[in-house]
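What follows is one structure encoded as structure tokens, with my remarks underneath.
Number of protein chains: 2
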Amino acid sequence: MSSNSIGFVAPQRLKVSTPLDMMSGSVLPAYQLAYETYGELNEAKDNALLICHALSGNHHVAGFYEGDKNPGWWNEYIGPGKPIDTNDFFVVCSNNLGGCHGSSGPATVDPTTGKVYGPDFPIVTCKDWVASQNVLRQHLNIDCWAAVIGGSMGGMQVLQWSIDYPEKIKHAIVIAAAPKLSAQNIAFNEVARRAIMEDPDFHNGRFIEQHTIPKRGLALARMLGHLTYLSDDMMGEKFGRTLREGKLNYNYDVEFQVESYLRYQGEKFATKQNFDANTYLLMTKALDYFDPASEHDNDLAATLSTASAKFLVISFTTDWRFAPERSREIVKALLDNDADVSYAEITSQHGHDAFLLKNKHYEQVFSAYMARVKAGLSSELSGQNHD
Amino acid sequence: MSSNSIGFVAPQRLKVSTPLDMMSGSVLPAYQLAYETYGELNEAKDNALLICHALSGNHHVAGFYEGDKNPGWWNEYIGPGKPIDTNDFFVVCSNNLGGCHGSSGPATVDPTTGKVYGPDFPIVTCKDWVASQNVLRQHLNIDCWAAVIGGSMGGMQVLQWSIDYPEKIKHAIVIAAAPKLSAQNIAFNEVARRAIMEDPDFHNGRFIEQHTIPKRGLALARMLGHLTYLSDDMMGEKFGRTLREGKLNYNYDVEFQVESYLRYQGEKFATKQNFDANTYLLMTKALDYFDPASEHDNDLAATLSTASAKFLVISFTTDWRFAPERSREIVKALLDNDADVSYAEITSQHGHDAFLLKNKHYEQVFSAYMARVKAGLSSELSGQNHD
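For the record, the sequence lines run as chains A and B.
For what it's worth, the numbering used here labels the leading residue of the first sequence as 23, then goes sequentially.
For what it's worth, the numbering used here labels the leading residue of the second sequence as 23, then goes sequentially.
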């Protein structure tokens with residue numbers, strides 16, 4: 023463990039008994055949120071950051087669990103001296119409702135029936151996630167987030183925060199996201215969902231009761247997802263047409279390294295990571311549904327007109343899942359509102375995955391903006407140091 | 023039927039008893055080729071064109087079968103007065119070996135065992151296809167093709183013709199193709215293959231003996247393939263985020279038109295079109311294996327140095343499966359050889375599918391080049407008219 027790591031961490035749980043009115047019209051009478059925090063909340067309670075996770079992410083963003091060699095998914099960016107500096111900030115992340123890592127979701131028990139939710143867990147949206155994260159905010163006695171930060175689906179939650187709770191978010195950091203999915207994005211999600219739902223082990227979503235896992239479908243969905251996270255360039259450089267065994271065998275087994283890599287990613291996701299198939303469906307559905315401008319005649323500027331946060335928008339050159347053009351749509355809408363917005367288009371060959379990976383320019387932009395967030399804290403303004 | 027259609031057509035069959043030595047090292051002792059011809063072979067026998075088909079195509083390129091409202095797959099481009107004018111040319115197309123529309127393939131009976139080949143049909147490559155098409159050429163008493171023409175996987179066969187039988191091809195028309203698949207291309211093929219092979223109805227390729235069809239896997243493979251044939255722009259324009267029922271239902275059924283469209287395409291392919299799953303595997307494998315430059319230290323110019331055909335290369339602006347850059351690799355290699363090459367990059371919003379669709383600029387370029395092919399026929403050179 024390096025000196026700039028936050029060390030061992032442990033998840034916490036919040037049980038909520040206030041019903042959640044969901045976008046779909048469903049009501050969740052009670053639910054649980056798994057979350058982690060790093061760093062200390064200052065006396066003014068104004069140094070809290072919320073991290074929102076992406077499709078297959080969870081609340082374990084940074085640090086290590088005891089006995090686990092692998093750190094949280096964004097450990098590169100969160101810790102002492104890192105862009106999100108835990109010496110300065112109190113960092114919070116919760117597992118999204120409908121997830122499969124501790125928050126109420128399809129794999130948990132419905133308290134009203136005593137049975138596993140399975141496919142009966144209600145369809146959840148970005149708006150619902152943000153509403154539940156707001157309950158967590160109140161529980162943690164945080165009046166206003168210094169910043170809400172997220173990449174990909176996490177960036178969509180950041181946008182939703184800026185729209186739904188403008189007075190509760192000072193800075194919005196939206197990374198590798200889009201204001202809504204394109205038809206092509208939805209189509210990729212639909213193929214992934216079909217792969218899961220057509221797997222005979224899916225049992226209409228009741229696979230836990232049937233003691234099965236739709237591994238084949240999940241692995242296919244992950245392979246396809248993974249493919250869209252990588253850039254053509256990066257795959258070319260990393261794999262090219264390299265043969266797995268150095269020669270062609272002319273059979274249906276894996277011939278090329280890239281096939282082997284994708285199969286491994288799919289199998290790991292479906293078996294070792296044991297990701298819940300219903301959660302995968304819910305997350306892709308939430309992505310499809312995200313379209314805040316649809317309530318404002320598809321006018322994104324009008325949608326964001328009540329947002330009072332300052333924005334940092336970041337995109338990556340080779341990201342074809344949510345290309346820079348999609349980030350520019352957000353930037354343009356904010357500029358139309360004369361909002362305070364910074365935008366950086368980072369050169370990277372890593373496609374959509376770039377938002378998770380080390381990159382000097384990305385780190386510099388991120389750190390510089392976080393210094394600005396820090397400079398706005400009351401402790402900094404009054405010249406005090408709460409460290 | 024319009025006046026510029028070639029009217030009713032019927033397939034023919036060629037039984038070949040000369041063994042085919044295949045690239046994999048396998049030998050096919052005997053085989054059958056289904057093919058169609060349109061127009062008349064002239065006295066000089068020098069007005070013959072070979073059309074090579076793409077992944078899901080077949081030998082029914084143009085005209086109508088009696089009782090079938092739908093014409094062949096390239097009817098827009100082949101017929102009297104069309105870019106490939108059947109008043110001038112004798113047009114030939116065969117179903118690729120390993121196909122499922124009449125040529126020997128996994129769904130046909132192995133004469134040596136009396137059983138359906140299934141997964142035992144040998145792995146077939148572009149080189150093997152071209153070798154079998156050359157047998158058909160000899161059978162039809164054609165000394166040299168006036169042109170070999172193909173789009174996508176068909177374009178790869180054209181390249182292979184120009185390399186393997188340089189003296190048997192005067193013009194090579196390579197449309198929406200690539201000199202080899204990228205890692206991303208292979209990865210998409212691999213996901214499609216996994217979808218088929220993981221379908222419990224696949225039975226390790228022996229589904230015909232089991233009286234099943236791996237419909238779910240085939241439909242998924244087709245959905246994914248189809249997605250990569252369309253451009254993001256075109257999908258955005260055609261479907262956008264249009265809802266199927268005009269409102270959101272917040273369930274796992276289809277919500278968006280694009281989902282409905284893709285599901286329909288997948289189901290049609292797997293049921294109505296009854297495409298053979300083993301053929302799908304073979305065709306995607308042949309695509310993966312295509313890499314003629316691998317035998318020449320990955321030097322495409324050296325690979326094409328013995329080609330003596332004149333070339334027309336065509337690409338489409340929004341094709342991201344085989345993007346214009348891939349066609350330019352071919353053009354550059356040909357220019358390095360001081361070969362006679364014309365290149366056109368056609369503006370189209372239809373992605374890879376554009377090579378099949380009506381497009382004024384495409385038609386003009388195609389027709390102009392075919393006029394040049396025609397001008398080179400002996401009948402034209404001697405001022406005779408065989409019409």
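For glycine and all other residues, C-beta sits at the position ideal for the given N, C-alpha and C.
Residues near residue i by beta carbon distance below 8 Å, same chain, minus five either side
i: A/Leu162; result: Thr59, Leu63, Ala70 and Val114
i: B/Tyr87; result: Phe30, Val31 and Ala32
i: B/Arg266; result: Val276, Glu277, Phe278, Gln279, Glu281 and Ser282
i: A/Gln287; result: Arg244, Met245 and His248
Residues near residue i in its chain [Cβ-Cβ closer than 7 Å; skip 5 each side]
i: A/Asp186; result: Lys149 and Val152
i: A/Asp43; result: Val49
i: B/Leu122; result: Here the sequence assigns Cys to residue 122 of chain B, which means Leu is not the residue at that position. Cβ within range, chain order: Ala129, Phe297, Asp298 and Thr301.
Sequence-distant residues of the same chain with beta carbon closer than 6 Å to residue i, five excluded per side
i: B/Met23; result: Legend: pLDDT at B/Met23 = 49, less than 50; position of this residue unreliable, no value from coordinates given.
i: B/Phe111; result: Gly61, Asn69 and Leu71
i: A/Ser400; result: Ala66 and Asp68
i: B/Ala323; result: Ala355, Asp358 and Asn359
i: A/Gln232; result: His225
i: A/Ser27; result: Gly101
i: B/Thr325; result: Pro314, Ala315 and His318
i: B/Trp183; result: Val152, Val170 and Ile191
Helix, strand or coil at residue i [DSSP, three-state]
i: A/Tyr311; result: helix
i: A/Tyr57; result: strand
i: A/Asp150; result: helix
i: A/Arg343; result: coil
i: A/Val83; result: coil
i: A/Phe261; result: coil
i: A/Lys294; result: coil
i: A/Leu36; result: strand
i: B/Lys396; result: helix
i: A/Asp43; result: strand
i: A/Lys137; result: strand
i: B/Asp68; result: coil
i: B/Leu252; result: coil
i: B/Asp132; result: strand
i: B/Leu162; result: coil
i: A/Leu181; result: helix
i: A/Ile100; result: strand
i: B/Ile106; result: strand
i: B/Leu378; result: helix
i: B/Leu203; result: coil
i: A/Leu356; result: helix
i: B/Leu50; result: strand
i: B/Glu220; result: coil
i: B/Pro93; result: coil
i: A/Asp186; result: helix
i: A/Asp409; result: With a pLDDT of only 47 at A/Asp409, under 50, the local geometry of the prediction cannot be trusted, and the value read off the model is given with reservation. Residue state, collapsed to three classes: coil.
i: B/Ser404; result: coil
Reference residue i; option with closest CA among the options
i: A/Thr293; options: A/Ser349, A/Pro128 and A/Leu240; result: A/Leu240
i: A/Ala315; options: A/Ile336, A/Ser282, A/Glu351 and A/Phe344; result: A/Glu351
i: B/Lys190; options: B/Val170, B/His81 and B/Ser125; result: B/Val170
i: B/Phe333; options: B/Gly177, B/Lys91 and B/Gln34; result: B/Gly177
i: B/Phe312; options: A/Asp313, A/Leu270, A/Cys122 and A/Ile336; result: A/Leu270
i: B/Lys137; options: B/Phe229, B/Val395 and B/Phe297; result: B/Phe229
i: A/Asn320; options: B/Arg343, B/His75 and B/Gly262; result: B/Gly262
i: A/Ala200; options: A/Gly121, A/Phe344, A/Ala299 and A/Glu212; result: A/Phe344
i: B/Gln34; options: B/Tyr57, B/Asn381, B/Ser46 and B/Pro51; result: B/Tyr57
Residue(s) in a DSSP beta bridge with residue i
i: A/Ala76; result: A/Ala76 is not bridged to any residue.
i: A/Cys115; result: A/Glu58 and A/Ile73
i: A/Ala194; result: A/Val170 and A/Phe333
i: A/Glu367; result: A/Ser337
i: B/Phe30; result: B/Phe86
i: B/Asp362; result: The partner list for B/Asp362 (beta bridge, DSSP) is empty, contrary to what the question assumes.
i: A/Phe278; result: A/Leu265
i: B/Val213; result: Paired residue(s): none; B/Val213 is not in a bridge.
Whole-Å CB distance - residue i paired with residue j, under 8 Å assumed
i: A/Met256; j: A/His383; result: That pair is no contact at about 16 Å.
i: B/Gly173; j: B/Ala194; result: No, B/Gly173 and B/Ala194 are not in contact; Cβ-Cβ is about 13 Å, not under 8 Å.
i: A/Ser349; j: A/Ser337; result: 4 Å
i: B/Leu303; j: B/Ile218; result: 6 Å
i: A/Leu55; j: A/Leu203; result: The pair is not a contact, with the Cβ atoms about 25 Å apart (cut-off 8 Å).
Neighbouring residues, chain E, relative to residue i (Cβ below 8 Å)
i: B/Leu246; result: Structure shown: chain E not included; protein chains present are A and B.
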